[in-house]
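Enquirer: Let me give you the structure first, and then I'll get to my questions.
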Amino acid sequence: MLEVAPDLIGATLMFDGVGGRIVELEAYHHTEPAAHSFRGPTPRNAVMFGPPGFAYVYRSYGIHWCLNFVCEPEGSAAAVLIRALEPTVGLPVMRRRRGVADVRLLCSGPGRLCEALRITAAHNGLALDQPPFALFARTGAVEVVRGPRIGITKAVDKPWRYGEKGSRFLSKPFSDPSS
DNA sequence: TGCCCGATTAACT
DNA sequence: GTTAATCGGGCAA
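Now the structure itself:
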């Protein structure tokens, strides 16, 4: 899972005709208390305990939706939270859905990203390589930076947040002094 | 059955 | 910098 996470930076995620490059994500694993899967399978997180390559969507703070990719090995309940995209396709559609003009605010956050792509609980458990999802590996080299995860209160020390170095589309900048 | 809290965001002081 | 919005899951009673 920790090997897969940085490889997804720079990959392109498409959903129902719109999407962009993944520039930020966080890894979660059932052995650490910050993960939803920490306390074992439940109706909500059942997807995480299934095979890899599927989407786990959950409601955050009763308001937003957040998208995860289930990672291998199967049964480890590992997942990566997609935190930010660099929008590349369907800009007008995303702008209309989000109600903002600034491209950098379209997908720079897990809740924003789902609103822009219109991802909801209806898409929980769908395969990432089947419509309406589509996932393309990155083509060129990408500089990946790592840091502590955001917005959680447990296991804050684990540096399992990954992002593209210097990207303008991160939900928050990395505190990497060399960037 | 009830209570507390969160892998968030946007608006407001 | 602070706080409201808003709801389902997880845990205590």
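Take any residue in the first sequence, count from 1 to its spot, add 1: that is its number in the numbering used here.
Virtual Cβ for every residue (Gly too), placed ideally from N, Cα, C.
These numbers were taken from a predicted model, which means no experiment stands behind them.
#1: Once DSSP output is grouped into helix, strand and coil, what is the label at L114?
#2: Over the uninterrupted beta strand (DSSP E) stretch that includes V101, give me the two end residues.
#3: Return the Cβ separation of V58 and I120 in integer angstroms, given the expectation that the two are a contact with Cβ distance under 8 Å.
#4: Can you give the Cα-Cα distance for A150 and P132, rounded to whole angstroms?
#5: Identify the continuous alpha helix (DSSP H) that holds A6 and give its terminal residues.
#6: For the beta strand (DSSP E) containing H65, list its first residue and its last residue.
#7: Out of L171, W161, S172, F170, point me to the one whose CA is closest to E27's CA.
#8: At the level of alpha carbons, what is the spacing between L127 and V90?
#9: With a CB to CB cut of under 7 Å and the five nearest residues on each side skipped, what residues in its chain are close to A102?
#10: Which runs of the alpha helix (DSSP H) spanning at least 4 residues fall entirely within the region 10-43, listed in chain order?
Expert: Here's the rundown:
#1: Position 113 of the first sequence holds residue 114. If DSSP states are grouped into helix, strand and coil, L114 belongs with the helices.
#2: Translated into the one-based positions of the first sequence, residue 101 becomes position 100. No beta strand (DSSP E) holds V101; DSSP gives it neither H nor E.
#3: Numbered from 1 along the first sequence, position 57 holds the residue referred to as residue 58. Numbered from 1 along the first sequence, position 119 holds the residue referred to as residue 120. With 8 Å as the limit, V58 and I120 qualify as a contact, their Cβ atoms being about 6 Å apart.
#4: The sequence position of residue 150 within the first sequence is 149, counting from 1. The sequence position of residue 132 within the first sequence is 131, counting from 1. The amino acid at residue 150 is misidentified as Ala; the sequence shows Arg. If you take the alpha carbons of R150 and P132, they lie about 30 Å apart.
#5: Your numbering for residue 6 matches position 5 in the first sequence. Here the alpha helix (DSSP H) through A6 covers 5-9.
#6: Position 64 of the first sequence holds residue 65. Looking at the DSSP string, the run of the beta strand (DSSP E) that includes H65 is 65-72.
#7: Working through the first sequence from its first residue, we reach residue 27 at position 26. Per the Cα distances, W161.
#8: To locate residue 127, count along the first sequence from 1; it is residue 126. To locate residue 90, count along the first sequence from 1; it is residue 89. Rounded to whole angstroms, L127 to V90 spans 21 Å at the Cα level.
#9: As a position in the first sequence, residue 102 is number 101, starting the count at 1. Cβ within range, chain order: R96.
#10: none
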